[in-house]
Structures are given as C-alpha cells and as structure tokens.
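**Q** One gets the numbering used here by counting positions in the first sequence from 1 and adding 253 to each. What follows is a single structure, and I will ask about it in a moment.
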Amino acid sequence: MGKRIERVVTTKPSYFFLTPPDRLRRALEGRRVEALARAGKYLVADLGRGDRLLLHLGMTGQLFSSEATSVRLLSATARASLEPNAQRAFEPDEHTHLAFTLEGGGPRVFFRDVRKFGKVQWIEKGESNARLDRLGPDALHFTGEALFRANRGRRIAIKSMLLDQSVAAGVGNIYADEALFLAGVRPGRAAKRVTRRECEAITAGLHKVLRRSIETGGSSISDYVAPDGADGGYQDERRVYGRKDEPCRVCSSPIKRRVIAQRSSHYCARCQR
DNA sequence: ACCGCACCCTGAGCGC
DNA sequence: TGCGCTCAGGGTGCGG
254 MGKRIERVVT TKPSYFFLTP PDRLRRALEG RRVEALARAG KYLVADLGRG DRLLLHLGMT
314 GQLFSSEATS VRLLSATARA SLEPNAQRAF EPDEHTHLAF TLEGGGPRVF FRDVRKFGKV
374 QWIEKGESNA RLDRLGPDAL HFTGEALFRA NRGRRIAIKS MLLDQSVAAG VGNIYADEAL
434 FLAGVRPGRA AKRVTRRECE AITAGLHKVL RRSIETGGSS ISDYVAPDGA DGGYQDERRV
494 YGRKDEPCRV CSSPIKRRVI AQRSSHYCAR CQR
C-alpha cells in the first residue's frame, strides 16, 4: 500500500489544528498510509488499525510534494525577488503547518495554508466524526429528485441549499454559481420555488461542471495547486464566477454579482430567472 | 427547525 | 509610502 510516515513537523498550536500538533505528531509518526479517500471536500487518510486522518483545504489550503514548484507557493515578497522564469524549490515557511517525511527518502509532503481555514484532525479507531457524519450525498451522485425533496418548505436561496454540505457534499461557491447558470436559475430564488425540472437541470449542471473541473485540474484562481504544483485549468472556463460586469458568454449582457449566504454570487440576469 | 450573521485568519489590490 | 478599505475556492456556532 502506501508509505510509512517517518517524521512530521508542524507549526505551533492554532485554529488550524483540531487535534493539537504535538499529539498529532505522536499519533502519525511510524504509521503507514494505507489508503486515501475523499468525502465531500474532506480528504480522509486510512492509517490502519481503524485510525484515520482528516484533512480539509479550506480556502487557501495547499497539499503538495517537495518537488512542486509554483509561484502560488510563495508570498508576494518572495515572488518579487524571483528572477524572471526562475523556478525556486519550495522551502517550508510559517504557513506550512504539516511537513511529512516518508520512508525511502522520496519527496516530502507539505500542507500549507495561509488563512488557516483548513483543518487537520486525528480520528481514533471507533470514533465517529461530526463533520463527516453531517455530509449529505456526494455532489457527483446527487439527483434532481433529491434536491427537489430537500427544497420542500425551504425559504432560503437555492444557492444556500447548494452550499449546504448536508444537502450535497462537495459543492463550493464557484461550482454552485456555474451550475445555476447552466440551469438558468438565479442563485437568489427561494429553494421551494425551484421546479422539479429545474432541479434536474441544476444537478445535471453540477455534474457537468464538477467533472469538467476534475478533467482540467481544478480552479487555480488564487492559491490552488495540484500536488505537483501545477495550475488547474477550470478558471479559464468559468461562465459567471468572478466575471462581474463582463459580458455573458451566451447573451452578452453584463454578469451581476450579489451576496447570498455571505458568499459572492454571480449570475446573468437575462439567462437566469 | 430554520435562518441570518459574526467570526475564525492572512494577504492582495485598490483609491486616496 | 502608507493607510484604510474590500475582497477572497469554507465552515461553525450563536441568537432571534
């Protein structure tokens, strides 16, 4: 299976560590990574004997190899001192909360997160986890019928429903906006006012944008990098997210932005009703 | 039960 | 140059 973790270096205790870093180090060192799985936006590492490690990237989390080179791994000042086209090997900084050394002397694995909205937690054998237990069906298998049922009686915006991880796990702000655009539904519409047919269109839209984002390696808008440091490509395919005042790709009318559920939401007032 | 909001944290970018 | 402001792929916990 996977490799044994020889050594773990952490930053000091903070909001980031659901399990305190000293306890985390003791728990992890010497253990083998048997498997990795995704649960919504969480990454769950199986460490054998029933123990697990829970990881979440939050907004600015970066999980990558020591062989990765990307300017996204550097602060603005570090970038400014780079020679043009220079590729500097990454050196752990104050935002690098976890540094794994694995057996066999191969590349190390880092988890860096500037804002510390990411999370790491040790889950003991037999322990349940409230964060995991709350998750609804995975977005890739979420049906229009299930969305329609969840919407019954709900006065909140359909956008809020899509961001609720207990309704569907794995939908984030970009993909909620993009799916609603494909479905022709405004993000602010009350959930209970969305028809069954529109729910089908929304989940079909979700599947489409999520699959396409996976194909293109994700959205590298600000911080996201693949484990090898590569940028994703989906930011170039956005139809509405982050395109305020730019022309709709279908009808050319300007994309609108408004705040829903404390998150910025983008839509075309002409294509979405 | 439901809903809106404050809050956790750091940095980039902008107008003045 | 510096200051103050807004904005940012997320999620929790509180009070009304």
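We treat Cβ as the ideally placed atom computed from N, Cα and C, and that holds for glycine. Computed from a predicted model, the values in this text were never measured in an experiment.
1. Can you grab the Cα-Cα spacing for the pair F269 / T354, in whole Å?
2. How should Q530 be labelled, buried or exposed, when 16 other C-beta atoms within 10 angstroms of its C-beta is the threshold for buried?
3. Starting from the N-terminal side, write out each stretch of the alpha helix (DSSP H) that is 4 residues or longer and does not extend beyond the region 366 to 432.
4. Assuming the contact rule is C-beta atoms closer than 8 Å, V373 and L307 should be a hit. Round their C-beta distance to whole Å, please.
5. Would you check if the region 490 to 510 and the region 395 to 414 touch, i.e. whether three or more CB-CB distances between them fall below 8 Å?
6. State yes or no: is the C-beta of Y487 within less than 8 Å of the C-beta of S466?
7. DSSP on A443, reduced to helix/strand/coil?
8. Check this for me: beta carbons of L385 and F364, under 8 Å apart or not?
9. Quick one: Cα of I427 to Cα of R407, how far?
10. Mapping DSSP to helix, strand and coil, what is P360?
11. Please confirm whether R257 and R291 have their CB atoms less than 8 Å apart.
12. Using a 10 Å radius around the Cβ and a threshold of 16 neighbouring Cβ atoms, would you call S475 buried or exposed?
13. Report, in whole angstroms, the separation of the C-beta atoms of F401 and R449, which I expect to be a contact under 8 Å.
14. Grouping DSSP H, G and I as helix and E and B as strand, with all else coil, what is S466?
15. Distance, Cα to Cα, L281 vs C501?
16. In whole angstroms, what is the alpha-carbon distance linking L249 and G371?
17. Just to confirm the assignment, what range does the beta strand (DSSP E) spanning R299 have?
18. For S318 versus V478, is the C-beta distance shorter than 8 Å?
19. Since A280 is in the alpha helix (DSSP H), which residue starts that stretch and which ends it?
**A** Based on what the coordinates show:
1. 20 Å
2. No answer is possible for residue 530: it lies beyond the span of the chain, which begins at 254 and ends at 526.
3. 383 to 386, 397 to 404 and 411 to 416
4. 7 Å
5. no
6. yes
7. strand
8. no
9. 22 Å
10. coil
11. no
12. exposed
13. 5 Å
14. helix
15. 49 Å
16. There is simply no residue 249 to check, as the chain begins at 254 and stops at 526 in what is shown.
17. Before going on, a small fix: residue 299 reads as Asp here, not Arg. That run of the beta strand (DSSP E) goes Y295 to D299.
18. no
19. P274 to L281
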